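In my numbering, the protein residues as written are 2 to 218.
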């Protein structure tokens with residue numbers, strides 16, 4: 002409490018002095034004829050010296066606005082250059098043709114036989130072996146059982162086509178069945194080269210014999 006009283010007494014003394022100073026100044030102002038503004042200025046000066054007004058806290062300045070990022074500079078698209086490439090050279094290899102075969106001249110064909118002179122007649126001729134016209138397989142069964150054998154002579158007529166058109170027995174074997182078998186087989190199997198007359202095929206004749214023999218086992 003003593004400290005508080007001492008502080009209060011000091012303040013009062015100070016206030017008293019200030020008031021006295023003010024009165025002195027006012028009196029001086031009135032004497033000297035200072036304007037009211039001077040007095041106001043003095044009062045304001047004295048007051049501001051003793052009593053300080055609490056200044057408001059300064060707010061921090063706002064942050065600077067963000068600068069917009071500048072867009073990247075435009076990049077020109079790459080220019081496509083069409084380079085004309087030369088086509089590949091195609092080398093054509095020409096294969097020489099194979100050598101032509103050497104043709105060996107063939108000897109001249111022999112001249113055809115001269116045609117028979119006019120008026121000359123050529124008789125029919127057999128083709129093949131006449132022995133095949135009648136075989137033991139053609140032996141008549143009855144004559145075979147009776148063991149009959151013999152030789153039959155025959156004469157055939159041959160047409161322009163070389164086939165037998167007629168057959169007659171010129172000499173009998175003594176057995177009618179053997180003679181009949183002779184002409185039957187000759188008609189069926191015999192083939193001829195036809196007779197020729199004046200270079201043209203014509204009807205001809207042919208004569209022969211067939212011997213009938215019983216085969217031995």
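Glycine is no exception: its CB is placed at the ideal position from the N, C-alpha and C atoms. On a predicted model such as this, the values are computed, not experimentally measured, just so you know.
- The beta carbon of residue 127 is closer than 6 Å to those of 193 in its chain, skipping five residues each way along the sequence.
- Per the coordinates, the alpha-carbon of residue 141 lies some 15 Å from the alpha-carbon of residue 173.
- Nearest C-alpha to residue 125 among 208, 138, 187: 208.
- In the DSSP secondary-structure assignment, residue 202 is bridged to 197.
- Residue 203 and residue 134 have their C-alpha atoms some 23 Å from each other.
- Residues of the same chain with a CB within less than 6 Å of the CB of residue 212, apart from the 5 flanking positions on each side, are 152 in chain order.
- In this structure residue 17 is exposed. Its beta-carbon is surrounded by fewer than 16 other beta-carbon atoms within 10 angstroms.
- The residues 176, 178, 179, in chain order, have a CB closer than 6 Å to that of residue 144 in the same chain once the five nearest residues on each side in sequence are set aside.
- Linking residue 196 to residue 113 through their CA atoms gives a straight-line distance of about 19 Å.
- Across the structure, residue 136 and residue 110 are spaced so that their CA atoms are roughly 41 Å apart.
- DSSP places residue 142 inside the alpha helix (DSSP H), whose first and last residues are 142-146.
- When secondary structure is reduced to three states using DSSP, residue 122 falls in the strand class.
- DSSP, reduced to helix, strand and coil, places residue 127 within a strand of the structure shown.
- The DSSP-derived three-state label of residue 136 is coil.
- Residue 182 counts as buried, since at least 16 other C-beta atoms from the protein chains shown sit within 10 angstroms of its C-beta.
- In summary, residue 159 is buried, with 16 or more beta-carbon neighbours lying within 10 Å of its beta-carbon over all protein chains present.
- Cβ atoms of residue 169 and residue 215 stay farther apart than 8 Å, at about 25 Å.
- Just so you know, the alpha carbons of residue 132 and residue 122 end up roughly 26 Å apart.
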